[in-house]
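First the structure, in the form of structure tokens, and then the observations on it.
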Amino acid sequence: VEKLVTDYFGMDPSKEISPDHAVAQGAAIQAAVLDDSIESSGLTSADDEGDSASGIALIDALSQSIGVKVQPGDRFDPIVERDMNLPATERTEGYSVRDEDQTTVEIQVYQGESEVADENEFLGRAVMEDIPKRRPGQQSLAIEFTVNNDGTLEIRGEDLMSDTEIVAEIESALQSSGEDSELPPSA
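Residue numbers (the numbering used here): 495 to 681.
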């Protein structure tokens, strides 16, 4: 691992702190921030003897892109890109129906980096029902994703022609089990 780091960054890795200690300390800080026990801007360290570690900011970032499966070709269209700071909200418009008589749209949600949707991890699906019929290819659907610090993914699907909207949630999008799950619309 050290050789890999040295080759990648062009310098030897720092050995000032034990990797186990660094991971444990980072996990403890993250847990405290998520539990609202401390503010991320006011972190302290045992070495600081209670002095505030001013200037430290703990920023979560999305480790993999989250997006939808689109046709033709079962392509993966990322909506929230990898490395985006959390919490994050992104909206993409320009989706359309495949068939002329189509009155429902299934939003299949995946996370990963492959351009082929099925090569990514399936997170869940949400169904938008009772949308008016329209021509295939007519760009009139929008999808918005909000990823919170706790890993909750909120999906909002909107038909721009009729203002029909659904909202659904995946509780732990950042730690999915990979099992297929149907997402009921929220009230």
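Where a beta carbon is used, it is the ideal one built from N, C-alpha and C, also for glycine.
- Exposure of residue 503 is indicated by the presence of fewer than 16 other C-beta atoms within 10 angstroms of its C-beta.
- A straight-line Cα-Cα distance of about 12 Å links residue 650 and residue 657.
- Looking at the backbone, the Cα of residue 616 and that of residue 505 are separated by about 38 Å.
- A buried status is given to residue 647, since no fewer than 16 other beta-carbon atoms sit within 10 Å of its beta-carbon.
- Under the 10 Å beta carbon count, residue 655 is surrounded by fewer than 16 other beta carbons and is classified as exposed.
- For residue 574, no alpha helix (DSSP H) encloses it; the enclosing beta strand (DSSP E) starts and ends at 569-574.
- The stretch 597-613 and the stretch 561-577 touch, with three or more beta-carbon pairs separated by less than 8 Å.
- In the structure shown, the three-state DSSP call for residue 641 is strand.
- Per DSSP, residue 653 is one residue of the beta strand (DSSP E) stretching across 647-653.
- By the Cβ test, the stretch 621-632 is in contact with the stretch 593-606, since at least three Cβ pairs between them sit closer than 8 Å.
- For residue 563, the enclosing beta strand (DSSP E) starts and ends at 560-564.
- According to the DSSP assignment, residue 553 belongs to no alpha helix (DSSP H), since it is labelled neither H nor E.
- DSSP places residue 602 in the uninterrupted beta strand (DSSP E) bounded by 599-605.
- With contact defined as three or more Cβ pairs closer than 8 Å, the stretch 628-645 and the stretch 588-597 are in contact.
- For residue 582, the enclosing beta strand (DSSP E) begins and ends at 582-589.
- Counting every other CB atom within 10 Å of its CB across the protein chains shown gives residue 522 a total below 16, marking it as exposed.
- Taking a C-beta distance under 9 Å as the contact criterion, residue 638 and residue 584 qualify as a contact pair.
- With respect to residue 627, residue 653 sits apart: the two C-beta atoms are not nearer than 9 Å.
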